[in-house]
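J.: Mind having a look at this structure? Questions to follow.
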Amino acid sequence: MTAVVPAELPPVIKDVPGQEHAAAFLARALARPHHAYLFAGPEGSGKRLAMRAFAAALLCPEGGCGQCRSCRLALGERHPNMLILEPSGPDILVGKDAADPNTARWFASRAYLTPPEPGRKVMVVLQADRVRVEAADVLLKVLEEPPTDTVFLVLSARPDDLPDTVRSRCQEIGFPALSEDFVVGTLVAEGLDERRARLACRLAGGNLGRARRLAADDRQLSAFRDDALVAAAQAFQGSAGAVAAAESLMAGAKDFRGRLAEELKTELEPFLDERGRPEEPFRGVVRRLEEQHERRLRRAEREFLDWALLSLAAYRRHVALAVSGGDTALIINLDLDVGDGRWTPSAADQAWGAVEEARAYLADDTNLNARLVLEKLFLRVSALAA
Ligand SMILES: [Zn+2]
38 MTAVVPAELP
48 PVIKDVPGQE
58 HAAAFLARAL
68 ARPHHAYLFA
78 GPEGSGKRLA
88 MRAFAAALLC
98 PEGGCGQCRS
108 CRLALGERHP
118 NMLILEPSGP
128 DILVGKDAAD
138 PNTARWFASR
148 AYLTPPEPGR
158 KVMVVLQADR
168 VRVEAADVLL
178 KVLEEPPTDT
188 VFLVLSARPD
198 DLPDTVRSRC
208 QEIGFPALSE
218 DFVVGTLVAE
228 GLDERRARLA
238 CRLAGGNLGR
248 ARRLAADDRQ
258 LSAFRDDALV
268 AAAQAFQGSA
278 GAVAAAESLM
288 AGAKDFRGRL
298 AEELKTELEP
308 FLDERGRPEE
318 PFRGVVRRLE
328 EQHERRLRRA
338 EREFLDWALL
348 SLAAYRRHVA
358 LAVSGGDTAL
368 IINLDLDVGD
378 GRWTPSAADQ
388 AWGAVEEARA
398 YLADDTNLNA
408 RLVLEKLFLR
418 VSALAA
């Protein structure tokens, strides 16, 4: 059997950015889809966009036209024949029973049901490496006895953490990290000026979606960075300053959550009647969106703090480079000036390290008291500068 590269990729697949190999693979797979695929690659490499595109191609009567109702719903992860499982807390849990939403049992129980609309079903597992052992066993059973006309799409940024039993049931598609030039080039092609695109890309750690959102929104692009820098300046006023700095970042995070809540509300509007209630055919969609929004909002403050610390780290790195006469091509905060004269190269390096460490702590453990981590960080940085 020879694998033939399709002369023309389906329109939805063609739109998957920067991943020619994965796109060609998916386009070939459409003719006779395997029952499970693993989309493996780091955050921001485009796995989720590719998953949506592939789902659209699987569900569209035209094989992925990108225009029809099926395509639009699938691209928005709202197609009734799509089911998505993702961690509702830190892990994907096994769940009490089939009625326990967003758990492995809930997901698996739906695998053998007739889909709401004629055609295939697409069952998606996001952040699959966060599946608990008992939950993995439940998923494995479904993967071992795949229901007909169902395609499983399993996504993971850390495929090595997936149980081997699950991984070996899937055909693996690699998504290498997107290059900075690709991300910047994409944003420039979308009409952004290059300097802004590069700043957004570096602040977003190379994640295209995040960079695009940042770049599109002045407030977003500057809010967490400004808050971070205000906090950094406050931190130099002794221990009271450190407490105030932590406080202002926490307040920034709360604001961010509020703005996000407003933004998410507008996503529900197309499915509501004039009295603000879900229209009958969209009940399920609305419930799923609401659940998604709740999870998104629960993560929002942490996300803001991560962004703020990321830009603070970028700033500290900038200072460290500047005081040691380093390569300015690496400087991240391209629109900021540096040089307050209080840093030795080694102290500047340590301050940068302290920020990265705080970021890692907060990313690893969602139960940590964020305020305390921040206070400690700012005390340390101010002691280093003194
Ligand atoms: Zn279509």
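Numbering (the numbering used here), first residue to last: 38 to 423. The beta carbon of each residue, even a glycine, is placed where N, CA and C say it ideally should be.
Quick check on DSSP: helix, strand or coil for K84?
T.: Position 47 of the sequence shown, counted from the first residue, corresponds to residue 84. Here DSSP, grouped into helix, strand and coil, assigns K84 to helix.
J.: Compute the beta-carbon to beta-carbon distance between R89 and E57, rounded to the nearest angstrom, for a pair I have assumed lies under 8 angstroms.
T.: The residue labelled residue 89 in the question sits at position 52 within the sequence shown. The residue labelled residue 57 in the question sits at position 20 within the sequence shown. Not quite, the Cβ-Cβ distance comes to about 18 angstroms (not below 8 angstroms), so this is no contact.
J.: With DSSP as the reference, identify every bridge partner of V162, one or two as the case may be.
T.: Indexing the sequence shown from 1 puts residue 162 at position 125. Looking at the DSSP assignment, V162 forms a beta bridge with L122, V191.
J.: Could you tell me the boundaries of the alpha helix (DSSP H) in which L75 lies?
T.: As a working mapping, residue 75 is identified with position 38 in the sequence shown. L75 -> not in any alpha helix (DSSP H); beta strand (DSSP E) instead, spanning 73-77.
J.: With DSSP as the reference, please indicate the residues paired to Q208 in a beta bridge.
T.: Numbered from its first residue, the sequence shown carries residue 208 at position 171. According to DSSP, which records beta bridges pairwise, Q208 is partnered with Y74.
J.: Do the segment 315-328 and the segment 343-362 make contact, defined as three or more Cβ pairs closer than 8 angstroms?
T.: no
J.: Comparing the CB of S205 with every heavy atom of ligand 1, is any distance shorter than 7 angstroms?
T.: Locating residue 205 in the sequence shown gives position 168, where the first residue counts as 1. No; taking the cut-off as 7 angstroms, the Cβ of S205 has no heavy atom of ligand 1 nearer than that.
J.: Using DSSP with H/G/I as helix, E/B as strand and the rest coil, what is L236?
T.: What you label residue 236 is simply residue 199 of the sequence shown in a count that begins at 1. Three-state DSSP puts L236 in a helix.
J.: Which residues mark the beginning and the end of the alpha helix (DSSP H) in which V418 is found?
T.: Mapped onto the sequence shown, residue 418 falls at position 381. Here the alpha helix (DSSP H) through V418 covers 407-422.
J.: Using DSSP's beta-bridge definition, name the partner residues of I129.
T.: Sequence index remark: in the sequence shown, residue 129 carries index 92 (1-based). Partner(s): V168.
J.: Is G101 a contact residue of ligand 1, with contact defined as CB to any heavy atom under 7 angstroms?
T.: Looking up residue 101 in the sequence shown gives position 64. Yes, the Cβ of G101 comes within 7 angstroms of a heavy atom of ligand 1.
J.: Do you know how far the Cα of K158 is from the Cα of E80?
T.: Taking the first residue of the sequence shown as 1, we reach residue 80 at position 43. Taking the first residue of the sequence shown as 1, we reach residue 158 at position 121. Rounded to the nearest angstrom, the gap between the Cα atoms of E80 and K158 is 26 angstroms.
J.: Using a C-beta cutoff of 8 angstroms, does N139 count as contacting chain C?
T.: The chain labelled as chain C is not found in the depicted structure, where only one protein chain is given.
J.: Shorter than 7 angstroms, the distance from the beta carbon of C105 to the closest heavy atom of ligand 1, or not?
T.: Counted from its first residue, the sequence shown places residue 105 at position 68. Flag set: Cβ of C105 near ligand 1.
J.: In whole angstroms, what is the alpha-carbon distance linking R408 and D343?
T.: Counting from one through the sequence shown, the residue named residue 408 turns up at place 371. Counting from one through the sequence shown, the residue named residue 343 turns up at place 306. Their backbone Cα atoms lie some 13 angstroms apart in a straight line.
J.: To the nearest angstrom, how far is the alpha carbon of R169 from that of R195?
T.: Position 132 of the sequence shown, counting from 1, holds the residue named residue 169. Position 158 of the sequence shown, counting from 1, holds the residue named residue 195. Straight through space, the alpha carbons of R195 and R169 are spaced by roughly 14 angstroms.
J.: Excluding the five sequence neighbours on either side, which residues of its own chain have a C-beta within less than 6 angstroms of the C-beta of H116, listed in chain order?
T.: Stepping through the sequence shown from its first residue, residue 116 is reached at position 79. Within the same chain, H116 has close Cβ partners L96, L110.
J.: Using DSSP bridges, identify the partner residues of P315.
T.: On the sequence shown, position 278 is the one that residue 315 refers to. In the DSSP output, where bridge partners are listed per residue, P315 has L309.
J.: For D374, does the count of other Cβ atoms within 10 angstroms reach 16, so buried, or fall short, so exposed?
T.: Here residue 374 refers to the residue found at position 337 of the sequence shown. Low local confidence applies: a pLDDT of 42 at D374 is under 50, so the model's placement there is unreliable, with the coordinate-based value given in what follows. Exposed, by the Cβ-count rule.
J.: Under 8 angstroms: do the segment 148-167 and the segment 120-136 share three or more Cβ pairs, one atom per stretch?
T.: yes
J.: Just verifying my parser: in three-state terms, what is the DSSP assignment at E394?
T.: Indexing the sequence shown from 1 puts residue 394 at position 357. Helix, per DSSP.
J.: In three-state terms, what does DSSP make of E272?
T.: The sequence position of residue 272 within the sequence shown is 235, counting from 1. Looking at the sequence shown, residue 272 is not Glu but Ala. In the structure shown, the three-state DSSP call for A272 is coil.
J.: How many angstroms separate the CA atom of V179 from the CA atom of E311?
T.: The sequence position of residue 179 within the sequence shown is 142, counting from 1. The sequence position of residue 311 within the sequence shown is 274, counting from 1. If you take the alpha carbons of V179 and E311, they lie about 41 angstroms apart.
J.: Less than 8 angstroms separating the beta-carbons of A265 and A345?
T.: As a position in the sequence shown, residue 265 is number 228, starting the count at 1. As a position in the sequence shown, residue 345 is number 308, starting the count at 1. In contact: A265 and A345 (Cβ atoms closer than 8 angstroms).
J.: Beta-carbon within less than 8 angstroms of C105's beta-carbon, same chain only, minus the 5 sequence neighbours each way: which residues are those?
T.: The residue labelled residue 105 in the question sits at position 68 within the sequence shown. Closer than 8 angstroms at Cβ, skipping near neighbours: C97, P98, E99.
J.: How is G228 classed by DSSP in three states: helix, strand or coil?
T.: Here residue 228 is taken as the residue at index 191 of the sequence shown, counted from 1. Coil at G228, not helix or strand.
J.: What is the rounded straight-line gap between the Cα of D386 and the Cα of F341?
T.: Taking the sequence shown and counting its residues from 1, one reaches residue 386 at position 349. Taking the sequence shown and counting its residues from 1, one reaches residue 341 at position 304. C-alpha separation (whole angstroms): 24 angstroms.
J.: Count the other C-beta atoms from every protein chain shown that fall within 10 angstroms of the C-beta of Y352, then say buried if there are 16 or more, exposed otherwise.
T.: As a working mapping, residue 352 is identified with position 315 in the sequence shown. Burial call: buried.
J.: Could you check whether the segment 184-198 touches the segment 57-75, counting it as contact only if at least three pairs of C-beta atoms, one from each stretch, sit closer than 8 angstroms?
T.: With the rule of 3 Cβ pairs closer than 8 angstroms, the segment 184-198 counts as touching the segment 57-75.
J.: Quick one: is the Cβ of C108 within less than 7 angstroms of any heavy atom of ligand 1?
T.: Along the sequence shown, one-based indexing puts residue 108 at 71. Checking every heavy atom of ligand 1 against the Cβ of C108, one is found closer than 7 angstroms.
J.: S472 lies in the alpha helix (DSSP H); which residues open and close that run?
T.: In this structure the chain extends from 38 to 423, so residue 472 is not present and cannot be described.
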